[in-house]
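A.B. asks: Per full-length UniProt numbering, the sequence shown starts with residue 1, numbered consecutively. Before anything else, here's the structure in question.
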Amino acid sequence: MSSFLAPKAPIVFVPGLFGSMSDQIIPGTGDWGFGFARTAYEPFIRLLGKMGYPLNEQLFVAFYDWRRQIDISAERFLLPVIERAKQTTGAPCVNLICHSMGGLVARAYVQGEFYQNDVDQLLIFATPNAGSPVAYSYWAGGKLPRSVSGKRNVVELYMSVYLAYLEQSIPFHRIQAIHRHFPSLLDLTPSAAYGDYLLEKKQGVEAFVPYKQMVVKNQYMDNLNATMGIIAARNIRVTLVAGIGHETIHYLRTVPSLSPDKWVDGRVVGSINSDAGDGSVMANSVFALEGERYYVEATHLEILYKSEPLLRQLLE
């Protein structure tokens, strides 16, 4: 989509998991804001302001309820903000800058039936386009066991705090509470594009659990990846930026579970890590989507401001 002879395309920023907070998510937290992630995102918003995109004039934030399924967030939260950005600026299209889970929300919009032919560029930072093994651990077991090696990062801290809050709704039934009130977590588990990721030990022998045989499958992301060609067909330019150089969980070590409703595909007891990621998301998962690819030596949250030179180039 060409933006020649038209007003400068405004930016709509779509934050990641835990990057939106309001009374809708946790009562008493007030109107929409960055919540837990304020210290990560507010400096980035100021950076975009210095680049000529003042907030609520040329830059708009699409806060969303990250507990809901991703396609719901795209239609109910992202679509109205894109409409507001177009009305405010008079521009026919926007550029979407997305971090982490926000990239999946943006994809749900641009690949969806309710797309309004109004996105020029899709700039995706640290988005798990093939999913993340850590999400399996939380979805199936309600926690990331201490036996899993690697540095604990801020996303895991946010997760621990929120899951402890969520468990209050159904005391002593954390898995049930997660599945009922946090269904989007399933949309973040590894998809077929990630490949087999659970390494199960039986009788002293380790072997991968085939994704096709698992109970926990990310059917939503499998469908999203099967139809990614629609993005190019809609003439949207895609840029993917992955962080590397930080120890990231690549595979999970498991043993057979003795519980019928917990750890359904294997109880997590350890991990195999790689520095080909940002501490939260593997670069190969970011690059499961087609587009221009860039690596940045950065953590999951640093990646936004460490990509300033690239952003300036892309937004010229």
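Even for Gly, the Cβ is constructed at its ideal location relative to N, Cα and C. Fair warning: this is a prediction, and the values are worked out from it, not measured in the lab.
1. From this set, V134, A40, N129, which residue's C-alpha is nearest E302's C-alpha?
2. When the Cβ atoms of the stretch 281 to 289 are set against those of the stretch 130 to 140, are three or more pairs found closer than 8 Å?
3. Is there contact between the stretch 184 to 197 and the stretch 132 to 149, where contact requires at least three CB pairs shorter than 8 Å?
4. If we count the other Cβ atoms within 10 Å of its Cβ and call it buried at 16 or more, is A108 buried or exposed?
5. Relative to the C-alpha of Q313, which candidate in Y294, T299, H300 has its C-alpha closest?
6. Mapping the DSSP letters down to three states, classify Y294 as helix, strand or coil.
7. Starting from the Cα of residue 317, find the closest Cα among P80, A126, E156 and give me that residue.
8. On the three-state DSSP scale, how would you describe F77?
9. Between the stretch 200 to 207 and the stretch 229 to 246, can you find at least three pairs of beta-carbon atoms closer than 8 Å?
10. Among N284, W32, F182, which residue has its Cα nearest to the Cα of Y197?
11. Whole angstroms is fine: what's the gap from H99's alpha carbon to I124's?
12. Under 8 Å: do the stretch 242 to 249 and the stretch 209 to 227 share three or more Cβ pairs, one atom per stretch?
13. Could you spell out where the beta strand (DSSP E) holding R253 opens and where it closes?
14. Alpha carbons only, please: which of Q111, K212, R67, V264 is nearest the one belonging to Y162?
15. If the criterion is Cβ atoms closer than 7 Å, does the pair Y53 and I11 meet it?
16. I need the DSSP call for F36, collapsed to helix, strand or coil.
17. Thinking M21 and G35 are a contact (beta carbons under 8 Å), I'd like their distance in whole angstroms, please.
18. Excluding sequence positions up to five away, which residues of its chain have a Cβ less than 6 Å from the Cβ of S2?
19. With DSSP as the reference, please indicate the residues paired to V110 in a beta bridge.
20. Tell me which same chain residues have a C-beta within less than 6 Å of the C-beta of P183, skipping the five on either side of it?
21. Quick check: what's the CA-CA separation for residue 345 versus T254?
C.D. replies: A quick look at the data gives this:
1. A40
2. Taking 8 Å as the limit for Cβ pairs, the verdict is that the stretch 130 to 140 does touch the stretch 281 to 289.
3. yes
4. buried
5. The shortest Cα separation from Q313 among Y294, T299, H300 belongs to Y294.
6. strand
7. In the structure as shown, the chain begins at 1 and stops at 316. Residue 317 is therefore absent and cannot be evaluated.
8. helix
9. no
10. N284
11. 6 Å
12. Contact between the stretch 242 to 249 and the stretch 209 to 227 is absent, because fewer than three Cβ pairs lie under 8 Å.
13. 248 to 255
14. R67
15. yes
16. helix
17. 2 Å
18. Caution is warranted here: a pLDDT of 46 is assigned to S2, below 50, making its placement in the model unreliable, and the coordinate value is therefore given only provisionally. If we look at S2 and ignore the five residues flanking it on each side, it has no Cβ neighbours.
19. Answer by DSSP bridge pairing: none, since V110 is not bridged.
20. In its chain, beyond the 5 residues on either side, Q69 have a beta carbon closer than 6 Å to the beta carbon of P183.
21. Since the first residue shown for the chain is 1 and the last is 316, residue 345 is missing from the structure and cannot be characterised.
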